[in-house]
Amino acid sequence: MKMEPQVTNCSHRAQSCPRQWATLKETESAIERFCESCSQTVYLCEDEGSAITHAIAGHCVAMSLVSEPELPAMWLGTPPKVPVITDAQREALKQHHLDSEKVRALKDAKYSNRLCEYCGFPIATWRKTCWVCDAAERRRPT
Ligand SMILES: [Zn+2]
Numbered sequence: 021m022k023m024e025p026q027v028t029n030c031s032h033r034a035q036s037c038p039r040q041w042a043t044l045k046e047t048e049s050a051i052e053r054f055c056e057s058c059s060q061t062v063y064l065c066e067d068e069g070s071a072i073t074h075a076i077a078g079h080c081v082a083m084s085l086v087s088e089p090e091l092p093a094m095w096l097g098t099p100p101k102v103p104v105i106t107d108a109q110r111e112a113l114k115q116h117h118l119d120s121e122k123v124r125a126l127k128d129a130k131y132s133n134r135l136c137e138y139c140g141f142p143i144a145t146w147r148k149t150c151w152v153c154d155a156a157e158r159r160r161p162t
């Protein structure tokens with residue numbers, strides 16, 4: 021599965037935030053780049069632990085997410101026939117859903133005062149459970 025670093029918790033909402041690590045301005049540090057749209061340093065996180073730490077510190081974070089071309093094409097309206105989804109696409113889709121829950125959790129970092137005891141992602145003060153584990157729970161086969 022191909023994973024590409026993407027800016028995951030930009031909260032500066034510049035319309036033109038490219039959100040792609042590859043397009044950010046390089047710095048002396050291999051794991052820091054500068055987003056010229058948001059005027060923020062973006063930190064490349066190799067693992068979820070450092071993504072969580074940076075998100076809590078209020079930093080822009082780039083982490084590897086499953087890349088779009090691997091996902092099955094989406095249909096709008098009624099498809100002419102049942103789309104065929106390959107195993108690789110199904111796997112990519114699963115990862116893509118999980119990725120989006122992780123990104124949600126990272127965005128909640130600034131409203132969080134605790135971390136999930138199972139996955140370590142931040143939980144917003146108003147939530148009982150975390151996005152990431154909730155998603156895993158929902159998808160568990162019954
Ligand atoms: Zn969790």
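For the sequence shown, the numbering used here gives the first residue as 21, with consecutive numbering after it. Ideal Cβ placement from N, Cα and C applies to all residues, glycine included. Small disclaimer: the values here were computed from a predicted structure and weren't measured.
- In this structure K127 is buried. Its beta-carbon is surrounded by 16 or more other beta-carbon atoms within 10 angstroms.
- The alpha-carbon separation between V27 and V62 amounts to approximately 8 Å.
- G69 has its Cβ no nearer than 8 Å to any heavy atom of ligand 1.
- Each of D154, T73, M83 was checked against the Cα of K22, and the nearest Cα belongs to M83.
- For Y63, the distance from the CB to the nearest heavy atom of ligand 1 is not below 8 Å.
- Unbroken alpha helix (DSSP H) stretches of 4 residues or longer found wholly inside the stretch 42-77: 68-76, given in chain order.
- Under the criterion of beta carbons closer than 8 Å, G140 and G78 do not qualify as touching, at roughly 18 Å.
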